[in-house]
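Chains as they are written, first to last, in my numbering: chain A, 543 to 652; chain B, 4 to 147.
A virtual CB, placed ideally from N, CA and C, is assigned to each residue, including glycine.
First up is the structure itself, then whatever we jot down about it.
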């Protein structure tokens, strides 16, 4: 079977496979982190809306940003998984969300 | 937004920024991470700006509180002309917001004029909000 890409070396460990995938598909890690961010953001907004009738978008954006940061930091331990540019964005997103949250006029749950 | 809430927001933004940047850099240092934010001059600059801002704020608040505690009013005294006793470091804390915007512009947009799009969007949003406030007040609703 012909592959359009080089298969990562599966016998060298799981982290090697992830690094291999990240090298072959550079958008894989940023899109995974975006997926995690969006799942927490949309899930939180939907559940809070069901509970209270309104949703606190800045709060969920901050929580999703911190959760994404927690996942992104261990990725920085292996060579070639995450670039410093993506890591910087992941650090800046919760900071900007927090500015939005703290300067927001709503009655937050936090 | 109330003044107390605004002050609290500025202090918390500064502390939160310090916590997140410090945690990320500390994680990389402790674990010998391959990708580290430590050499990133912009983030290190943001951290030190926030640190010095919160230090200045703390110093100015202590000074103004001490001045207020030690002030006396004697008989037939004039009202205080200046509000020096009530001066706190609002200006220094706004510096953190400036630093955050600067870091965002330099790191995410690599100092390119594309950042102007963000400012355009922000000013358009403010104009939209202003128009909405005027319309709501005009129709007799609560402007909030």
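query: Contact between the stretch 623–641 of chain A and the stretch 21–36 of chain B: three or more CB pairs below 8 Å?
result: yes
query: So with Cβ pairs under 9 Å, would you call residue 120 of chain B a contact of chain A?
result: Residue 120 of chain B does not count as touching chain A.
- request: Specify whether the stretch 134–141 of chain B and the stretch 33–50 of chain B touch according to this definition: at least 3 beta carbon pairs, one from each stretch, less than 8 Å apart.
  value: no
task: Report the rounded CA-to-CA distance for residue 603 of chain A versus residue 79 of chain B, giving the unit in angstroms.
output: 56 Å
- prompt: What does a CB cutoff of less than 6 Å around residue 110 of chain B pick up in its chain, not counting 5 residues either side in sequence?
  reply: 45
- prompt: Can the beta-carbon of residue 564 of chain A be found closer than 9 Å to that of residue 637 of chain A?
  reply: Taking 9 Å as the Cβ cut-off, residue 564 of chain A and residue 637 of chain A do not qualify as a contacting pair.
message: Rounding to the nearest angstrom, what Cα-Cα distance links residue 62 of chain B and residue 9 of chain B in this structure?
response: 19 Å
- prompt: Looking at residue 18 of chain B and residue 57 of chain B, is the spacing between their C-beta atoms short of 9 Å?
  reply: yes
query: Thinking C-alpha only, which one of A:552, A:597, A:644 and A:627 is nearest residue 41 of chain B?
result: Of the candidates A:552, A:597, A:644 and A:627, the residue whose Cα lies closest to the Cα of residue 41 of chain B is A:627.
field: Positions along the stretch 33–50 of chain B whose CB lies within less than 9 Å of some CB in chain A
entry: 34, 35, 36, 37, 38, 39, 40, 42, 43, 45, 46 and 49
- prompt: Hey, does residue 127 of chain B have any beta-carbon neighbour from chain A nearer than 9 Å?
  reply: Taking Cβ atoms only, chain A never reaches closer than 9 Å to residue 127 of chain B, which makes this a no.
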